[in-house]
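Residues 2 to 439 (the working numbering) make up the sequence shown, in order.
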Amino acid sequence: MLSLHSGGGIGGLCLAVALSRYPDIQVDVYEAAERFKEIGAGVMIWSRTWEILTLLGMASDFSQIAHATPDGSLGVGFDYRKSDQPEGSQFYLFELPYGCIRFHRAQFLDVLVKHLPKDVAHFRKRLLSYSQEASDGHLDLQFQDGSTVTCDLLVGCDGIKSGVRRQMLKEKAQAGQADLLRLIEPVWTGTIAYRGLIPVHRLIRADGQEHRTIQTPMMVARSLHMPKSSAQHVVSYSISRGSVVNVVALVSRPEQEGAPYEGPWVTDCSAQELHECYAGWEPEVVDLIKCIENPTRWAIHHLRPLPFYTTDRVVLLGDAAHAMSPHQGAGAGQAIEANPCHQDAFVLARVLGDPVTTMSTLRHAISAYEYVRLPQANRVLLGSHISGMMYEFDGPAQVDLQRLGPMIGAQWDWLNETTPEEEGRRALSWMQDRIESL
Ligand SMILES: Cc1cc2nc3c(=O)[nH]c(=O)nc-3n(C[C@H](O)[C@H](O)[C@H](O)COP(=O)(O)OP(=O)(O)OC[C@H]3O[C@@H](n4cnc5c(N)ncnc54)[C@H](O)[C@@H]3O)c2cc1C
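Below, the structure written as structure tokens:
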């Protein structure tokens, strides 16, 4: 089988690494850019994603670039603090095995690239469209440079602005489901995120006192109900063996959610613009923000949940399927979970690589992926949005901190309700039942 992925971000590369373990599947990754690259700064994952990376044989390489070696002991997910007063105070501590495992994005991608087999990657290949041959169902793909290729399966890993998603939904809409058109374009959440990195030495005072965030991932917020027009929160944690601190400072205008966002989604911005947003916060936060020298400004968009991720021979994966706001640090993890493991195998990879999957049963394999992944990823997408509102005291509990802490905690339940192995087994058994009943 010839499986082709459009897009070589974290989702596309992880799938390619997982699929390349099956000798009867030929994998090709077609990437629009001239090389694999990540923009942005830090990325965090949770134990379920760590489990998958371990089963893919990459734990040792990822350990070397994590904030510290992940060892399974109880760690801090986030220290939630209310910071709209001179003395900020903790209102909730989220702890779990492994805590949150943190990386520099570029280093994260480098490990995936290292594990990619030779000759799989094709650069400067921007996919424009695909068409399906009626004779045997294979797909013809058309690229911007005028070239074409043929494949059995197309996995669109082409990110939040996915062209594969656009074509898939347009074709379904033309076939009678016109309401799908409103799901094509991502929606602005009303939130701007300022991102930056700080060398850790800048956060250690002359008397040796370290900023709290060097050891503890922090989520600090101030109330929407203060006399001001925006809600705000700041996420910070160390990465790269503790040598650098990653900061994401968010400013939300909930009334603008769903409004068109004019201009580029990611730009450089002045440090002054960022500093002004956080003037008057508790000194610990102001100190952190002032150390960011070259911030970037991101307009945070997400997708409305899709009702399907697959059609006959085409699959959406990662942000193409379920781009979500960053409030649960889960978008990349959900892309990787597209490959949950069963022993040494992985849902999309596992169902495609299973001996019962042939060209005639391929449809059931990709349906099994959708059966397991769609409810979970859409749940995390919605939960992430609600979590962001809670962090800014704009959820159902508002500033009732006694209620708010446990409510934030409950939003993380999905991390432990199932394991990647269980999800892999569910997909396999669903697929096998379907095929046996034919
Ligand atoms: C501020 C912020 C913080 C975040 N923090 C976290 C976090 O801590 N943890 C976490 O898990 N997630 C986080 N996320 C989400 C995470 O970054 C994404 O979910 C993840 O990177 C998506 O990976 P992907 O491979 O699906 O898409 P992308 O990384 O967008 O990759 C898509 C690839 O496809 C290529 N491409 C696009 N169009 C075409 C085409 N037509 N033809 C060929 N190639 C194409 C692109 O060049 C790109 O390489 C965060 C997001 C934001 C905005």
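All residues carry an ideal CB built from backbone N, CA and C; glycine is no exception.
1) Residues in its own chain within less than 7 Å of W51 by CB, not counting five upstream and five downstream?
2) Residue ranges of each alpha helix (DSSP H) run of no fewer than 4 residues wholly in the region 307-360, ordered along the chain?
3) In or out: L16 buried (at least 16 other Cβ within 10 Å) or exposed?
4) Quick one: does the C-beta of P376 sit closer than 7 Å to a heavy atom of ligand 1?
5) Identify whether G12 lies in helix, strand or coil by the three-state DSSP scheme.
6) Where do the ends of the beta strand (DSSP E) carrying P158 lie?
7) Can you tell me whether DSSP reads F124 as helix, strand or coil?
8) Where L129 and D313 are concerned, what is the direct C-alpha to C-alpha distance, given to the nearest angstrom?
9) Would you check if the region 57-72 and the region 356-375 touch, i.e. whether three or more CB-CB distances between them fall below 8 Å?
10) Give me the Cα-Cα distance between E35 and H302, rounded to the nearest whole angstrom.
11) Going by the DSSP bridge assignment, what does V188 pair with across the sheet?
12) Evaluate S206 with the Cβ neighbour count: other Cβ atoms within 10 Å of its Cβ, from every protein chain shown; 16 or more gives buried, anything less gives exposed.
13) Within the continuous alpha helix (DSSP H) that includes G406, where are the two ends?
14) Does at least one heavy atom of ligand 1 sit under 7 Å from the Cβ of C270?
15) Are there three or more Cβ pairs, one per stretch, closer than 8 Å when the region 36-46 is compared with the region 324-343?
16) Give me the Cα-Cα distance between G164 and V188, rounded to the nearest whole angstrom.
17) Is the separation between the beta-carbon of V248 and that of S239 shorter than 8 Å?
18) Between which two residues does the alpha helix (DSSP H) containing F63 stretch?
19) From what residue to what residue does the alpha helix (DSSP H) around L182 run?
20) What first and last residue would you give for the beta strand (DSSP E) that runs through L97?
21) Going straight from the alpha carbon of D141 to that of E39, what length do you get?
22) Based on Cα-Cα distance, which residue from T420, H123 and E263 lies nearest to G7?
23) Cβ-heavy atom distance between K83 and ligand 1 below 7 Å?
24) Hey, M390 and I409: beta-carbon distance below 8 Å or not?
25) Classify S449: buried if its beta carbon has 16 or more other beta carbons within 10 angstroms, exposed otherwise.
26) Quick check: the Cα distance between H212 and A280, rounded to an integer number of angstroms?
27) Would you kindly work out how many angstroms separate the C-alpha atoms of G13 and Q210, rounded to a whole number?
28) Can you tell me whether N295 is buried or exposed, with buried defined as 16 or more other CB within 10 angstroms of its CB?
29) Report all residues from its chain with a CB closer than 6 Å to the CB of A107; omit the five preceding and five following residues, and keep chain order.
30) Ligand 1 and M169: does any heavy atom of the ligand fall closer than 7 Å to the residue's C-beta?
31) Is E437 near ligand 1, going by C-beta to nearest heavy atom under 7 Å?
32) What residues in its chain sit with their C-beta under 8 Å from that of S21, if we drop five residues either side in the sequence?
33) Helix, strand or coil: which one does DSSP assign to E52?
34) Taking Cβ positions, are A336 and M432 nearer each other than 8 Å?
35) Since M220 and F109 should fall inside the 8 Å C-beta cutoff, what is the C-beta to C-beta distance between them, to a whole number of angstroms?
In terms of the structure at hand:
1) Looking up residue 51 in the sequence shown gives position 50. Result list for W51: P71, Y99 and I102, in chain order.
2) Counting only runs of 4 or more residues that sit fully inside the region 307-360, the alpha helix (DSSP H) segments are 320-323, 332-338 and 348-354, in chain order.
3) On the sequence shown, position 15 is the one that residue 16 refers to. That one is buried.
4) For the purposes of this step, residue 376 is taken as the residue at position 375 of the sequence shown. Not so, every heavy atom of ligand 1 lies at least 7 Å from the Cβ.
5) The residue labelled residue 12 in the question sits at position 11 within the sequence shown. For G12, the three-state secondary structure derived from DSSP is helix.
6) Here residue 158 is taken as the residue at index 157 of the sequence shown, counted from 1. What sits at residue 158 in the sequence shown is Cys, not Pro. Secondary structure note for C158: it is in no beta strand (DSSP E), with a DSSP letter that is neither H nor E.
7) As a working note, residue 124 is residue 123 in the sequence shown. DSSP places F124 in coil when its eight states are reduced to three.
8) Translated into the one-based positions of the sequence shown, residue 129 becomes position 128. Translated into the one-based positions of the sequence shown, residue 313 becomes position 312. Between the alpha carbons of L129 and D313 lies a distance of about 19 Å.
9) With the cut-off at 8 Å, the region 356-375 and the region 57-72 do not touch.
10) Position 34 of the sequence shown, counted from the start, is the residue given in the question as residue 35. Position 301 of the sequence shown, counted from the start, is the residue given in the question as residue 302. The straight-line gap from Cα to Cα measures roughly 25 Å.
11) Numbered from 1 along the sequence shown, position 187 holds the residue referred to as residue 188. Under DSSP, V188 shares a beta bridge with H303.
12) Locating residue 206 in the sequence shown gives position 205, counting from the first residue. The sequence given here has Arg at residue 206, not Ser. So R206 counts as exposed.
13) As a working mapping, residue 406 is identified with position 405 in the sequence shown. Its alpha helix (DSSP H) spans residues L402 to A411.
14) Translated into positions along the sequence shown, residue 270 becomes position 269. Distances between the C-beta of C270 and the heavy atoms of ligand 1 are all 7 Å or more.
15) Short answer: they touch.
16) The residue given as residue 164 occupies position 163 in the sequence shown. The residue given as residue 188 occupies position 187 in the sequence shown. Between the alpha carbons of G164 and V188 lies a distance of about 16 Å.
17) For the purposes of this step, residue 248 is identified with residue 247 of the sequence shown, where counting begins at 1. For the purposes of this step, residue 239 is identified with residue 238 of the sequence shown, where counting begins at 1. No, Cβ-Cβ distance for V248 and S239 is not below 8 Å.
18) Residue numbering aside, residue 63 sits at position 62 when the sequence shown is read from its first letter. Under the DSSP assignment, F63 falls in the alpha helix (DSSP H) whose first and last residues are A60 to I66.
19) As a first step, residue 182 is located in the sequence shown; it is residue number 181 there, counting from the start. No alpha helix (DSSP H) contains L182, which DSSP labels as neither H nor E.
20) Taking the first residue of the sequence shown as position 1, residue 97 is located at position 96. S90 to P98 is the span of the beta strand (DSSP E), which, as asked, contains L97.
21) If you number the sequence shown from 1, residue 141 lands on position 140. If you number the sequence shown from 1, residue 39 lands on position 38. Each residue's CA atom was taken as its position, placing D141 and E39 some 28 Å apart.
22) Locating residue 7 in the sequence shown gives position 6, where the first residue counts as 1. Checking the sequence, you will find Ser at residue 7 rather than Gly. With distances taken between Cα atoms, S7 lies closest to H123.
23) By 1-based counting over the sequence shown, the position of residue 83 is 82. The answer is no for K83.
24) In the sequence shown, counting from the first residue as 1, residue 390 sits at position 389. In the sequence shown, counting from the first residue as 1, residue 409 sits at position 408. No; because the gap between Cβ atoms is not below 8 Å, this pair is not in contact.
25) There is no way to answer for residue 449, as the model of the chain reaches only from 2 to 439.
26) Numbered from 1 along the sequence shown, position 211 holds the residue referred to as residue 212. Numbered from 1 along the sequence shown, position 279 holds the residue referred to as residue 280. The straight-line gap from Cα to Cα measures roughly 18 Å.
27) The residue given as residue 13 occupies position 12 in the sequence shown. The residue given as residue 210 occupies position 209 in the sequence shown. Cα-Cα distance, rounded: 42 Å.
28) Locating residue 295 in the sequence shown gives position 294, counting from the first residue. Exposed, by the Cβ-count rule.
29) What you label residue 107 is simply residue 106 of the sequence shown in a count that begins at 1. Closer than 6 Å at Cβ, skipping near neighbours: E39.
30) Counting from one through the sequence shown, the residue named residue 169 turns up at place 168. At a cut-off of 7 Å, the beta-carbon of M169 does not count as near ligand 1: no heavy atom of the ligand is closer than that.
31) The residue labelled residue 437 in the question sits at position 436 within the sequence shown. For ligand 1, not one heavy atom lies less than 7 Å from the Cβ of E437.
32) Within the sequence shown, residue 21 is the residue found at index 20, counting from 1. Correct list, in chain order: V28, L117, P118 and V121.
33) As a first step, residue 52 is located in the sequence shown; it is residue number 51 there, counting from the start. In the structure shown, the three-state DSSP call for E52 is helix.
34) Sequence index remark: in the sequence shown, residue 336 carries index 335 (1-based). Sequence index remark: in the sequence shown, residue 432 carries index 431 (1-based). 8 Å or more divides the Cβ of A336 from the Cβ of M432.
35) Here residue 220 is taken as the residue at index 219 of the sequence shown, counted from 1. Here residue 109 is taken as the residue at index 108 of the sequence shown, counted from 1. About 21 Å separates the two Cβ atoms, so there is no contact after all.
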